[in-house]
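Student: This structure is in structure tokens; I'll ask about it shortly.
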Amino acid sequence: MEKLYQKFETLLQNTTTDFKRYLYDRVSWESRMIGIIGPRGVGKTTMILQYIKQNLNSKKALYVSADDLYFSDNKLIDLVDEFYKNAGEYLFIDEIHKYANWSRELKDIYDSFPELKVVFTGSSVLDILKGSSDLSRRR
Numbered sequence: 318m319e320k321l322y323q324k325f326e327t328l329l330q331n332t333t334t335d336f337k338r339y340l341y342d343r344v345s346w347e348s349r350m351i352g353i354i355g356p357r358g359v360g361k362t363t364m365i366l367q368y369i370k371q372n373l374n375s376k377k378a379l380y381v382s383a384d385d386l387y388f389s390d391n392k393l394i395d396l397v398d399e400f401y402k403n404a405g406e407y408l409f410i411d412e413i414h415k416y417a418n419w420s421r422e423l424k425d426i427y428d429s430f431p432e433l434k435v436v437f438t439g440s441s442v443l444d445i446l447k448g449s450s451d452l453s454r455r456r
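So the sequence shown is residues 318 to 456, counted in my numbering.
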């Protein structure tokens, strides 16, 4: 998990805040779970990193990409459990559709960690829509 934190810190340091995407001010960042869906390359990752950099204590936040090699041997729910035990409050998961059974694990995270705020992104609209039925009752 330490390598994920290191990657996150490096990304955060290299994120500029001089230009914000139009969607930035339209997202209800205070919501408990937020899904941001859109085509590749439109700035979803940059937008969430900008939000973290400008608004959150990076010690209480974690950004991960669901296609990171870490997840070939580790489950998302286990990462969340460890992160939460270490006073984590804000989890940002990029490219969620690349993680197997993502909707079921997001549902479990939502139900098991009521204090945690989760923002996820995805660029495969069909995969996101297929998985969203598991999350449909969550608000």
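Heads up, the beta-carbon is just placed ideally off N, CA and C, and yes, glycines get one too.
Would you kindly work out how many angstroms separate the C-alpha atoms of LYS324 and LEU386, rounded to a whole number?
Tutor: The alpha-carbon separation between LYS324 and LEU386 amounts to approximately 12 Å.
Student: Distance check for TYR322 and MET350, CA to CA, integer angstroms please.
Tutor: 21 Å
Student: In this structure, does DSSP put ASP411 in helix, strand or coil?
Tutor: strand
Student: Excluding the 5 residues preceding and the 5 following THR334 in the sequence, name in chain order all residues of the same chain whose CB lies nearer than 7 Å to its CB.
Tutor: GLN367, LYS370, GLN371
Student: For TYR341, tell me which candidate among THR362, VAL381, SER389 has the shortest Cα-Cα distance.
Tutor: THR362
Student: So, using beta-carbon positions, are PHE409 and ILE365 closer together than 8 Å?
Tutor: For PHE409 and ILE365, yes; Cβs fall inside 8 Å.
Student: At the level of alpha carbons, what is the spacing between ILE445 and ILE354?
Tutor: For ILE445, the predicted structure reports a pLDDT of 48, less than 50, and the residue's modelled location is therefore unreliable. A value from the coordinates is still provided. Roughly 8 Å between the two C-alpha positions.
Student: Around the C-beta of ASP411, are 16 or more other C-beta atoms found within 10 angstroms, so that it is buried, or is it exposed?
Tutor: buried
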